[in-house]
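Take a look at the structure below.
Quick look at the structure:
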């Protein structure tokens, strides 16, 4: 069988090397005679696995010492509630940058907890195909924090910059471009991300938070939602998602072997350029709605000029082992997600197919 | 190497057959060319895996049609908040049966959400070594529900009966004896359990809830904490812990191959009897504080008469590949957890060692 390339938006492709390690160690981790799934989270073996995962992530991202790294559960959607419950700190309200589907959901959930939720900037006017120019953002200096979504997985819109919010803490949903490029963590108050794109299996959420923001949780917040309690318990206030943490740890080692985030970024730039080039040179057979400076390196949405060909496109792609490229039900069309673990060969196979398909049906 | 037997209280031993299946399918689930970890939760393959897991669990436990089965995240500790947020329904308060560590934690968390939290019965008077006689329980007929912990993992106290609470809905934390014996689900309003004992990997929580209790969530409840929304989304309101659901599904098939819950229960009775017998016939070298009718079949706590031997006991056990038998830091002593997946041979190896150790040091 020729190799399968999986363009799922998440859960998504993982590095083959990592899957081989997981397979090899499945019944016996490092001579312990136990699967990682069977280990007490308080035992010597798993404590080592978790500590090493955190250490490696800190090294890869250059996370400063005054930031806590939390391994939680519930996905980004849980963070949509957890962030305001912890970070409102009795302040006036929250500022949001609205760049599409996921920003909107985060905003909607925040309204449950904050009296004032303001749209500091929005790209709704042009159908969420760009990132609003920072100069025009209306940031309230009294806001508890400003929230943005660094990569809109559905719309394929990615921030090419880290916003400057002055004294207002910056909060970022980095779920779908986490670890895809270097990032200066010291510019953020809090970063969160579900694992199931660039980190590991679904069921793990990573939160990186500046210590001084902790400890002012809203009354009535569930204990499990209190970052401070989670931080004090080293993310083991209760049993953490041990196996997902283990796999994430292996992915972190893989990132290091690739040369770290700079090298990863170079590969991601190359892969994305190849795919957008294929769209842009198709004489309109394929189109991408996103304005060029804001095109995501992770999720590449495109449409066929003739929608009637969508089904054939998906079917023929699938026959060539190019899987899960159907767009989200909200947007329609196609979406190829090309996270860190997607090899260049996968993108080549896809662009080759796209050219063949256009030739045949154009 | 002789086989390893892992007596961890959770995460805990899994059936070897299941681990072998997971290993075999790690890079290619059923010819899909993908690991289960890499599959979109909305794709055909994973939808099939999740539906089959639910179907099998329903068959094993005989779950009536008017109950929803939810695959959630966050462990039992998350349920300590989620249950009152959903089930208080504006009623007066909650009744608790206090049988030790986990009941107390559930009660403490409930106080965040309920004006009135009553202790309907407690075994604190004799150090949590028994289950209070049902005839003496003080149940408030207006209570929103009564909560109990069917097996206290730390104390090793297990309910030999299902309480009769009349019109008051019965809520059970079944984390540590879930799937260990047949249970009449129709007697419950809600059952919950973390997966990491008898079900699968940590990071999955199962909730079984009677439909008529849904839909009256407290204001300010995070969307992810709303059972009704989770039920309407088939536990896929956001990305579920896909891999953990897959492994749990394989465990359900394994339970069926063992002959279902009746057969599982017989094996559990046999294993527990053998271990308690070994304690009770040690002439006081080993003691178990729990009163006989309430001794857990899952978690067997015992102490050495001479505490100074604790360290040697753990060390020598470990040298014989009998792992993770150290008691919880709260209780001290030893604790051997013998969940479904612990083979009889493991219990034989442990009792054999205990007799040798007593002979040598007695």
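Chains as they are written, first to last, in the numbering used here: chain A, 1 to 362; chain B, 1001 to 1362. Each residue gets a CB set at the ideal place from its N, CA and C atoms; glycine is no exception. All values reported here derive from a predicted model rather than from experimental measurement.
Between the C-alpha atoms of residue i and residue j, what's the straight-line distance to the nearest angstrom?
i                      : j                      : result
residue 267 (chain A)  : residue 210 (chain A)  : 30 Å
residue 1234 (chain B) : residue 197 (chain A)  : 22 Å
residue 1072 (chain B) : residue 1010 (chain B) : 18 Å
residue 258 (chain A)  : residue 264 (chain A)  : 7 Å
residue 321 (chain A)  : residue 1241 (chain B) : 25 Å
residue 1144 (chain B) : residue 1184 (chain B) : 21 Å
residue 98 (chain A)   : residue 152 (chain A)  : 10 Å
residue 1168 (chain B) : residue 1215 (chain B) : 18 Å
residue 250 (chain A)  : residue 182 (chain A)  : 19 Å
residue 354 (chain A)  : residue 318 (chain A)  : 12 Å
residue 298 (chain A)  : residue 270 (chain A)  : 12 Å
residue 285 (chain A)  : residue 87 (chain A)   : 47 Å
residue 46 (chain A)   : residue 1307 (chain B) : 27 Å
residue 112 (chain A)  : residue 278 (chain A)  : 43 Å
residue 1033 (chain B) : residue 312 (chain A)  : 21 Å
residue 289 (chain A)  : residue 1085 (chain B) : 43 Å
residue 1207 (chain B) : residue 1244 (chain B) : 15 Å
residue 1174 (chain B) : residue 1159 (chain B) : 10 Å
residue 1224 (chain B) : residue 1199 (chain B) : 22 Å
residue 107 (chain A)  : residue 38 (chain A)   : 39 Å
residue 293 (chain A)  : residue 130 (chain A)  : 8 Å
residue 1118 (chain B) : residue 1309 (chain B) : 41 Å
residue 1109 (chain B) : residue 296 (chain A)  : 42 Å
residue 1096 (chain B) : residue 180 (chain A)  : 49 Å
residue 1067 (chain B) : residue 1054 (chain B) : 12 Å
residue 136 (chain A)  : residue 120 (chain A)  : 9 Å
residue 1154 (chain B) : residue 1351 (chain B) : 20 Å
residue 1347 (chain B) : residue 1006 (chain B) : 10 Å
residue 21 (chain A)   : residue 1094 (chain B) : 48 Å
Taking residue i as part of the alpha helix (DSSP H), name the residues at either end of that continuous run.
i                      : result
residue 1344 (chain B) : 1344–1361
residue 275 (chain A)  : 260–280
residue 1144 (chain B) : Taken as a continuous stretch (DSSP letters only), residue 1144 (chain B) belongs to no alpha helix (DSSP H), as it is neither H nor E.
residue 22 (chain A)   : 16–24
Quick one: give me the first and last residue of the beta strand (DSSP E) that residue i is part of.
i                      : result
residue 1302 (chain B) : 1299–1304
residue 1336 (chain B) : 1334–1337
residue 1173 (chain B) : 1170–1173
residue 1194 (chain B) : 1190–1194
residue 242 (chain A)  : Not the beta strand (DSSP E): residue 242 (chain A) falls in the alpha helix (DSSP H), residues 242–257.
residue 1154 (chain B) : First-last for residue 1154 (chain B): undefined, no H or E at that position.
Check the DSSP bridge columns for residue i and list the partner residues they point to.
i                      : result
residue 1323 (chain B) : B:1006
residue 295 (chain A)  : A:157
residue 1287 (chain B) : B:1303
At which residue ranges does the segment 1061–1129 of chain B contain complete alpha helix (DSSP H) runs of 4 or more residues, listed in the order of the chain? 1075–1087, 1101–1110
Scan the segment 1303–1326 of chain B for residues whose Cβ lies nearer than 8 Å to a Cβ of chain A and list them as they occur along the chain. 1321, 1323, 1324
Can you pull out the residues from the segment 1196–1225 of chain B whose beta carbon lies closer than 7 Å to at least one beta carbon of chain A? 1196, 1201, 1202, 1203, 1220, 1222, 1223, 1224
Please identify, using Cβ separations under 8 Å, the residues of the segment 1225–1252 of chain B that lie next to chain A, in order along the chain. 1225, 1237, 1238, 1239, 1240, 1241, 1242, 1243, 1244, 1247
Report the residue ranges of all beta strand (DSSP E) runs contained in full by the segment 199–238 of chain A; include only those spanning at least 3 residues, in chain order. 205–210
Looking at chain A, which residues of the segment 1006–1029 of chain B have a Cβ within less than 8 Å of any of its Cβ atoms? 1006, 1008, 1009, 1010, 1011, 1012, 1013, 1014, 1016, 1019, 1020, 1022, 1023, 1026, 1027
Using a Cβ-Cβ cut-off of less than 9 Å, list which residues of the segment 1060–1079 of chain B approach chain A; keep chain order. 1072, 1073, 1074, 1075, 1076, 1077, 1078
Mind checking the segment 130–156 of chain A against chain B and listing, in chain order, the residues whose C-beta falls within less than 9 Å of any C-beta there? none
Taking a cut of 7 Å between CB atoms, which residues from the segment 28–50 of chain A lie near chain B? 33, 34, 35, 37, 38, 39, 40, 41, 43
Short of 7 Å Cβ to Cβ, which residues in the segment 85–106 of chain A face chain B? none
What are the residues of the segment 108–119 of chain A that lie near chain B, defined by any Cβ-Cβ distance shorter than 8 Å? 109, 112, 113
Can you pull out the residues from the segment 1164–1180 of chain B whose beta carbon lies closer than 9 Å to at least one beta carbon of chain A? none
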